[in-house]
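Contents: one structure, followed by commentary.
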Amino acid sequence: AQSVTQLDSQVPVFEEAPVELRCNYSSSVSVYLFWYVQYPNQGLQLLLKYLSGSTLVKGINGFEAEFNKSQTSFHLRKPSVHISDTAEYFCAVITGFQKLVFGTGTRLLVSP
Amino acid sequence: DVKVTQSSRYLVKRTGEKVFLECVQDMDHENMFWYRQDPGLGLRLIYFSYDVKMKEKGDIPEGYSVSREKKERFSLILESASTNQTSMYLCASSLLSFDRDRVEKLFFGSGTQLSVL
Chain V
167 AQSVTQLDSQ VPVFEEAPVE LRCNYSSSVS VYLFWYVQYP NQGLQLLLKY
217 LSGSTLVKGI NGFEAEFNKS QTSFHLRKPS VHISDTAEYF CAVITGFQKL
267 VFGTGTRLLV SP
Chain E
172 DVKVTQSSRY LVKRTGEKVF LECVQDMDHE NMFWYRQDPG LGLRLIYFSY
222 DVKMKEKGDI PEGYSVSREK KERFSLILES ASTNQTSMYL CASSLLSFDR
272 DRVEKLFFGS GTQLSVL
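These protein sequences, in sequence, are chains V and E.
Start counting at 1 in the first sequence, then tack on 166, and there's your number in my numbering.
Start counting at 1 in the second sequence, then tack on 171, and there's your number in my numbering.
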């Protein structure tokens, strides 16, 4: 079954610095990947998704992710973070009919 | 504006009680899901439903059941609550897609923090 691994449970960063949140997926013939964000006391929202086509995917709020088949990775990046980006970020993969499996999450902490 | 509403934000129950968590969506979505979220474990799928009266087990269905009598409502039932079911419960919904290239995004509710004492 498909799965994703988020090795970093927490990533502290200063405001306006770049950030990368790592996600690795289990190898498969085809894979469909997502990044969701959860702001404090809220449900999850879709940031971006990769289904096929261009390996660089742009999402909302200035985030982007790159699908790398050789490294089985789908890392999330932002060139300059804001305080408001403080949240928990989840990588996810389609694992069956209509089913998503989520990673364990990475908490991004942005300090002034 | 699309909306997934979970009936309670916080809930405190005693061991052995029967607990109902309710979720309502107003988007006419076919799919509805129940996840639990625990620190260090992320989100784990408990049950999902892709139609009225249809249900499928997720990855951790033990100790839970579900009910989908109407399209807009999906209930999670803890038949006899236990302390290890203390968790954040998240409901989500999405459109049904038979084409994997058109996987629809999930819309989430704000969650119900359940404490079982």
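Cβ atoms here follow ideal geometry from the backbone N, Cα and C, with glycine treated the same way.
Item, Value
"Of the residues E:SER286, E:LEU277, E:LEU288, the one placed nearest E:LEU216, counting alpha carbons only", "E:LEU277"
"The segment 210 to 224 of chain E: positions lying closer than 9 Å to chain V by Cβ", "PRO210, GLY211, LEU212, GLY213, LEU214, ARG215, LEU216, PHE219, TYR221"
"Enclosing beta strand (DSSP E) for V:PRO178 [first to last residue]", "176 to 180"
"For V:LEU266, the nearest candidate out of V:GLN176, V:SER175, V:TYR191 (CA to CA)", "V:TYR191"
"Chain E contacts from the segment 211 to 230 of chain V (Cβ-Cβ distance under 8 Å)", "GLN211, LEU212, LYS215, LEU217, SER218"
"Sheet register partners of E:ILE248 (DSSP bridge)", "E:PHE191, E:SER236"
"Inter-stretch contact (C-beta, 8 Å, three-pair minimum) for the segment 182 to 194 of chain E and the segment 241 to 250 of chain E", "yes"
"Buried or exposed (CB count within 10 angstroms, at least 16 for buried), E:ASN202", "buried"
"Alpha-carbon to alpha-carbon, E:LYS189 and E:ASN255", "14 Å"
"Three-state secondary structure assigned by DSSP to V:ASN227", "helix"
"Local conformation of E:GLU209 per DSSP, three classes", "A small fix is needed here, since residue 209 of chain E is Asp in this sequence, not Glu. Looking at E:ASP209 - three-state DSSP - the assignment turns out to be strand."
"V:PHE233 at chain E interface by Cβ criterion, 8 Å", "no"
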